[in-house]
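**Q**
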Amino acid sequence: MTTVAPPVVPVTEPVAAGPRRRWWPSPKLVIIVAVAGVIGYLALVPLYYLIWGTFFDDHGFTLGGFARAYNDSQIGSLIGNSVWFAGGSAVLSLSVGTVLAYLNVRTDVPFKALFFAASIIPLVIPGILYTIAWIFLASPDIGLLNKAVEPIVGEGFFNVFSIWGMIWVEGLHLSPIVFLLMVAAFRSMDPSLEESAFMCGATRLQVFRLVTIPLIRPAIVAAVLIMAVRGLESFEVPALLGLQDGTYVFTSRIYFVLRTYPPDLAAAGALALGLLVLAMIGVAVSNIAGRSGKSFQTVTGKGFRPRPMELGRWRPIVGAGILLYFFFTVVAPLCVLLYTSLLKFYQPPSLEAFRSMTLDNYQELMHLSQAMTALKNSLFLGIASATIVMAGMAVAAWVVVRSRIPGRQLIDQFAFVPLVIPGLVLGLALSFVYLRSPIPIYGTIFILLIAYCTRYMPYGMRYAVTSMHQISAELEESAHVSGASWWQSFRRVLLPLLSPGLLAGWIYILVVSFRELSSSILLYSPGNEVLSILIFEQYENGQFTVLSALGVVMVLTLVVLVTVAYKLGAKVGLKQD
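Heads up, the sequence shown is in numbering that gives the first Met the number 0, so the first residue is 0 and it goes up one at a time.
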């Protein structure tokens, strides 16, 4: 019987087929690595260059920048003013915001409809406009409040150009943020614990101090952290109010050092690192205090219906206080800007002043080429930074919450780093990066875009991570079982479900980037101004009436943008139901 040998398979075929099976990275891996790399770059590279530029020069390691920055007899008052300003404004905003939130949620206080306006409108008013409005109100020379009380108490009773004036303006401007944070905390708290304390004979003040405050301590700690960092990084208030009185804080001193010729980048970097250390100390102290508040947390169902406490005879007094707060935070700043924008030159209210009102300042804006350029730049930077940040943070949130990639928590931590870097410090750090970079980006609008994306990355990450936690992973698993790829399930399942949270983050970043000044002041160049920069320049040039008209236009633009975005958000929310 003849045996037929099997055919011999040429050995060259597997070798030839080898290159066709070369491994290629999947789109999922490419997107994740790209987003993680961008977050790491935005968070760490500017900080690295800031430290390098401060400690090293052409001759190597040096402490000359620190010697020039801190070898000053006024350095003690500089640090004291910075801590006092940040701490005072945080305490004021926390006290006002917490009391208002408690009254709104837990009592039968009148005028509750004003709370929403009083919490939202000041957030839309840029810090520089809010500060200028209070100069018109409480300047010892031209302040309308001083003119009103001058026959009774004499000249210059109110002085906004002082450390107390700085704390007042910054604290009032930040109080709506605390109000929004504390409203959420009071609504999620079980009021039966307070009712039990009342039944045991405790007074209202004892219940608030011994029961309510411990229960909301985590929210208070978070509010103090945010307000203290905001106070340390504030630039508009110290620059416009403090410099008039010779009161320096870190941000205004850094700006002053960089305005000298030639600018001393090493000394400015040393001051920036000192400010950064103060911010990090504040974060550490807040975290320690937050841990001690965990023992007061409660877990309850949602079956309770809190009964508003009756204020009784105090209700009219509290109502008058609410009206007074609404006047000082909303009505007075907006009215004084509108009033000044209609004058040919600034003057106290009188019949003659009202008769001379005109729209010439708005007509001048129409012919001011810088105004249209600044408006276009602000719109581009606001929309672009909000879109880029929320798109990138959506992917980053998936990596942190859903994936099991080793070291994924580092992405969340890196995204948090810019939160403790004040805006002026970030602008200086980016100057160190791109002045030495071969990429011709310094002096263009794109360096402002990088600054905005870096600065507001932590906020976008918080919105995205919070929304991602609320979505069950079963929906993605069902999509994968049905044959969908990672990108298909992310785009067609997760993104529609995440859209309300992502849109909320998009709106917030749009608003805060539209009014950004502190990092822009060090990075802009002629032709790349934004509205806040143009207003700052008009103030320095004494063009009060024109800048007021520009401020009114800026506020109206923000109101329109936020309204349109919220309308779109409502439609998105309806589609999710």
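For each residue, glycine too, the CB sits at the ideal point set by N, CA and C.
Apply the 10 Å Cβ neighbour rule to Phe234 and answer buried if 16 or more other Cβ atoms are within range, or exposed otherwise.
**A** Residue 234 sits at position 235 when you count from the first residue of the sequence shown. That one is buried.
**Q** I'd like to check one pair, Thr453 with Leu41: are the Cβ atoms closer than 9 Å?
**A** Your numbering for residue 41 matches position 42 in the sequence shown. Your numbering for residue 453 matches position 454 in the sequence shown. In contact: Leu41 and Thr453 (Cβ atoms closer than 9 Å).
**Q** Should Tyr260 go down as buried or exposed, given a rule of 16 or more other Cβ atoms within 10 Å for buried?
**A** Residue mapping note: residue 260 aligns to position 261 of the sequence shown, counting from 1. Tyr260 comes out exposed.
**Q** Going along the chain, which residues of its own chain have a beta-carbon closer than 7 Å to the beta-carbon of Val298, five neighbours each way excluded?
**A** Within the sequence shown, numbered from 1, the residue matching residue 298 stands at position 299. Caution applies to Val298, whose pLDDT of 43 falls short of 50 and renders its modelled position unreliable; the value that the coordinates give is listed next. Nothing listed; no residue qualifies.
**Q** Drop a sphere of 10 angstroms on the beta-carbon of Asn540, count the other beta-carbons inside from all chains shown, and report buried for 16 or more, exposed for fewer.
**A** Walking along the sequence shown from the start, residue 540 turns up at place 541. By the neighbour-count rule (16 or more Cβ atoms within 10 Å), Asn540 is not buried but exposed.
**Q** Can you give me the Cβ contacts of Phe178 inside the same chain, cut-off strictly under 7 Å, excluding the 5 residues immediately before and after it?
**A** Along the sequence shown, one-based indexing puts residue 178 at 179. Result list for Phe178: Gly96, Leu99, Ala100 and Ser118, in chain order.
**Q** For Gln487, which residues in the same chain have their Cβ closer than 8 Å to its Cβ, ignoring the five residues on either side in sequence?
**A** On the sequence shown, position 488 is the one that residue 487 refers to. Excluding sequence neighbours, Gln487 sits near Ala478.
**Q** Applying the 10 Å Cβ sphere with the 16-neighbour rule, what's the burial state of Leu476?
**A** For the purposes of this step, residue 476 is identified with residue 477 of the sequence shown, where counting begins at 1. Reading off the sequence, residue 476 comes out as Glu, not Leu. The residue in question, Glu476, is exposed, as its Cβ has fewer than 16 Cβ neighbours within 10 Å.
**Q** Report yes if the CB atom of Phe489 is closer than 9 Å to the CB atom of Val399, and no otherwise.
**A** Translated into the one-based positions of the sequence shown, residue 489 becomes position 490. Translated into the one-based positions of the sequence shown, residue 399 becomes position 400. No, Cβ-Cβ distance for Phe489 and Val399 is not below 9 Å.
**Q** By the three-class DSSP mapping on this structure, what secondary structure does Asp359 have?
**A** For the purposes of this step, residue 359 is identified with residue 360 of the sequence shown, where counting begins at 1. Of the three classes helix, strand and coil, the one that applies to Asp359 here is helix, per DSSP.
**Q** Can you pull the DSSP bridge partners for Thr106?
**A** In the sequence shown, residue 106 corresponds to position 107, counting from 1. Per DSSP, Met308.
**Q** Would you list the residues sitting across from Gly200 in a DSSP beta bridge?
**A** Position 201 of the sequence shown holds residue 200. According to DSSP, Gly200 bridges with nothing at all.
**Q** Take the Cβ of Ile438 as the centre, count every other Cβ of all protein chains shown within 10 Å, and call the residue buried at 16 or more, exposed below.
**A** Within the sequence shown, the letter at position 439 stands for residue 438. So Ile438 counts as exposed.
**Q** Does Gly593 come out as helix, strand or coil in the three-state DSSP assignment?
**A** Lying before the first or after the last residue shown, residue 593 is absent from the chain, which here runs from 0 to 576.
**Q** Who are the Cβ neighbours of Ala269 in its own chain at under 6 Å, not counting the five residues just before and after it?
**A** Translated into positions along the sequence shown, residue 269 becomes position 270. The answer, listed in chain order, is Thr53, Gly64, Phe65 and Ala68.
**Q** Is the beta carbon of Leu423 sitting closer than 9 Å to the one on Thr250?
**A** Counting from 1 along the sequence shown, the entry for residue 423 is found at position 424. Counting from 1 along the sequence shown, the entry for residue 250 is found at position 251. Contact flag set, yes.
**Q** Nearest CA to the CA of Ile320: which residue from Leu209, Ile38 and Asn103?
**A** Working through the sequence shown from its first residue, we reach residue 320 at position 321. The sequence shown places Gly at residue 320, not Ile. Among Leu209, Ile38 and Asn103, the Cα nearest to that of Gly320 belongs to Asn103.
**Q** Is there contact between the region 381-394 and the region 500-508, where contact requires at least three CB pairs shorter than 8 Å?
**A** The answer is yes - the region 500-508 touches the region 381-394, with three or more Cβ pairs under 8 Å.
**Q** Report yes if the C-beta of Ser517 is less than 8 Å from at least one heavy atom of the ligand GTP; otherwise report no.
**A** The ligand content of the structure shown is nil, which means the ligand GTP is not present either.
**Q** In the DSSP assignment, what residue or residues form a beta bridge with Phe207?
**A** If you number the sequence shown from 1, residue 207 lands on position 208. Partner(s): none; Phe207 has no beta bridge.
**Q** Within its chain, find whatever has a CB closer than 7 Å to the CB of Phe60; leave out the 5 residues flanking it on each side and keep chain order.
**A** Your numbering for residue 60 matches position 61 in the sequence shown. Excluding sequence neighbours, Phe60 sits near Phe54.
**Q** To the nearest angstrom, how far is it from the Cα of Gly302 to the Cα of Val32?
**A** Here residue 302 corresponds to residue number 303 of the sequence shown, with the count starting at 1. Here residue 32 corresponds to residue number 33 of the sequence shown, with the count starting at 1. In this prediction, Gly302 has a pLDDT of 46, which is less than 50 and means its spatial position is unreliable; what the coordinates show is noted afterwards. About 45 Å.
**Q** Do Ser512 and Tyr462 come within 9 Å of each other at the CB atom, strictly closer than that value?
**A** Mapped onto the sequence shown, residue 462 falls at position 463. Mapped onto the sequence shown, residue 512 falls at position 513. Taking 9 Å as the Cβ cut-off, Tyr462 and Ser512 do not qualify as a contacting pair.
**Q** Look at the alpha carbon of Val558 and the alpha carbon of Ala331, and state the distance between them as a whole number of angstroms.
**A** In the sequence shown, the residue the question calls residue 558 occupies position 559. In the sequence shown, the residue the question calls residue 331 occupies position 332. Cα-Cα distance, rounded: 18 Å.
**Q** Considering Pro439, what are the terminal residues of the alpha helix (DSSP H) in which it resides?
**A** As a first step, residue 439 must be located in the sequence shown, where it is residue number 440. Note, Pro439: premise wrong, no alpha helix (DSSP H); not H, not E.
**Q** Verify whether the separation of the beta carbon atoms of Val152 and Ala137 is less than 9 Å.
**A** The residue given as residue 152 occupies position 153 in the sequence shown. The residue given as residue 137 occupies position 138 in the sequence shown. Contact flag unset, no.
**Q** Kindly list the residues whose CB is nearer than 7 Å to the CB of Gly230, restricted to its own chain and excluding five residues on each side of it in sequence; keep chain order.
**A** Within the sequence shown, residue 230 is the residue found at index 231, counting from 1. Around Gly230: Phe84, Ala85, Ser88, Ala89 and Glu169.
**Q** Tell me, please, which residues DSSP counts as bridged to Asp56.
**A** For the purposes of this step, residue 56 is identified with residue 57 of the sequence shown, where counting begins at 1. Partner(s): Gly59.
**Q** Going straight from the alpha carbon of Gly292 to that of Val561, what length do you get?
**A** If you number the sequence shown from 1, residue 292 lands on position 293. If you number the sequence shown from 1, residue 561 lands on position 562. Legend: pLDDT at Gly292 = 49, less than 50; position of this residue unreliable, value from coordinates given subsequently. Between Gly292 and Val561, the C-alpha separation is close to 35 Å.
**Q** Which residues mark the beginning and the end of the alpha helix (DSSP H) in which Phe325 is found?
**A** Residue 325 sits at position 326 when you count from the first residue of the sequence shown. Start and end: Arg314 to Phe325.
**Q** Which one of Ile30, Leu28, Lys27 and Val34 has the shortest CA to CA distance from Ala414?
**A** Here the question's residue 414 lines up with position 415 in the sequence shown. Taking only the C-alpha atoms, the option nearest Ala414 is Val34.
**Q** What residue ranges within the region 473-559 form continuous alpha helix (DSSP H) runs of no fewer than 4 residues, ordered along the chain?
**A** 473-480, 485-488, 494-513, 519-522 and 530-539, all fully within the region 473-559.
**Q** Let me know if Glu309 comes out buried or exposed under the rule of 16 or more other beta-carbons within 10 Å of its beta-carbon.
**A** In the sequence shown, the residue the question calls residue 309 occupies position 310. Under this definition Glu309 is an exposed residue.
**Q** Tell me the DSSP secondary structure of Pro13 in three-state form.
**A** What you label residue 13 is simply residue 14 of the sequence shown in a count that begins at 1. Because the pLDDT of Pro13 is 49, which lies under 50, any placement of that residue in the model is unreliable, and the number read from its coordinates should be weighed accordingly. Looking at Pro13 - three-state DSSP - the assignment turns out to be helix.
**Q** For a quick check, are the C-beta atoms of Ile124 and His172 less than 9 Å apart?
**A** The residue labelled residue 124 in the question sits at position 125 within the sequence shown. The residue labelled residue 172 in the question sits at position 173 within the sequence shown. In this structure, His172 lies closer than 9 Å to Ile124 by Cβ.
**Q** Just to confirm before moving on: does the CB-CB distance between Ala222 and Leu93 stay below 9 Å?
**A** Within the sequence shown, residue 222 is the residue found at index 223, counting from 1. Within the sequence shown, residue 93 is the residue found at index 94, counting from 1. Against a cut-off of 9 Å, the Cβ pair of Leu93 and Ala222 comes out as a contact.
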